[in-house]
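Novice: Adding 869 to a residue's 1-based position in the sequence shown gives its number in the working numbering. Even for Gly, the Cβ is constructed at its ideal location relative to N, Cα and C.
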Amino acid sequence: MPIITILEIIYFIILTLVVGYIFSGYIKYPRKEYDLIYRKSFFDWQDLKFAALITAPGVLLHELAHKFVAIYYGLQASFHIFWEGLGLAIFLKLINSPFLIVAPGYVSISQGATILQNTLISFAGPFMNLILFFASWLIINNAKKLTRKQAIVLYLTKQINLFLFIFNMLPIPPLDGFHVFSGLYHLIF
């Protein structure tokens, strides 16, 4: 079985486009003032691409971390789009909701994981977001010179990955935090 299937690649492309669209109203491509005067269209591809650049890596790498840790333990794992979650997020964007609920996908894992393995697989996704958060933070704080656009990308990447980490670690089913904390509880008690 290949590590990543063609169907998963198609799902990653769909996820990237939809997440970019959903966040394009919240994350805008940095423009100069005179660009805003001539902007007349309702939809802007540049905003979609920029929002996808900021948000999609955190979501995709989060899911791939789950998948690769499961594969490391000898389990079969595959990424799937959660169509209802994407539909809800698109609906909330279309009605201009002040908040978003984005649950774009999940990794299904074959049976046979121990409690420790399941806990580590569940923590792998949020841990990837934590790594992306700290990497962005380190670059921002230690880079000698960043362009305005680079600084904006890194700042937004840092913020979105911090949010993804905190949100996913909430101990509420079906979030990763629930599986991590219940796994730790079963390991200790």
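Opposite residue 975 in the DSSP bridges: which residues?
Specialist: Answer is 949.
Novice: Is it buried or exposed for residue 995, if we count other Cβ within 10 angstroms and need 16 for buried?
Specialist: Flag for residue 995 reads buried.
Novice: Between the stretch 982 to 991 and the stretch 1014 to 1027, do at least 3 Cβ pairs fall closer than 8 Å?
Specialist: At 8 Å Cβ cutoff, the stretches do not touch.
Novice: Could you tell me whether the stretch 947 to 962 touches the stretch 876 to 887, where touching means 3 or more Cβ pairs closer than 8 Å?
Specialist: Flag = yes, the stretch 947 to 962 and the stretch 876 to 887 touch.
Novice: On a Cα-Cα basis, can you pick out the residue from 925, 985, 942 that is closest to residue 1049?
Specialist: Cα-wise, what sits closest to residue 1049 is 985.
Novice: Answer yes or no: do residue 892 and residue 920 have a C-beta to C-beta separation smaller than 8 Å?
Specialist: The answer is yes: Cβ separation under 8 Å.
Novice: Kindly give me the distance between the Cβ atoms of residue 1034 and residue 1007, rounded to whole angstroms, as I take these residues to be in contact under 8 Å.
Specialist: Wrong, their Cβ atoms sit about 16 Å apart, outside the cutoff.
Novice: Can you give me the C-alpha to C-alpha distance between residue 894 and residue 983, rounded to a whole angstrom?
Specialist: About 42 Å.
Novice: What do you get for residue 972, buried or exposed, if any count of 16 or more other CB atoms within 10 angstroms of its CB means buried?
Specialist: Residue 972 should be labelled exposed.
Novice: So is residue 1005 buried or exposed if we call it buried at 16+ other beta carbons inside 10 Å?
Specialist: So residue 1005 ends up on the buried side.
Novice: Measuring alpha carbon to alpha carbon, tell me which residue in 978, 954, 957 is nearest residue 938.
Specialist: It is 978 whose Cα lies nearest to the Cα of residue 938.
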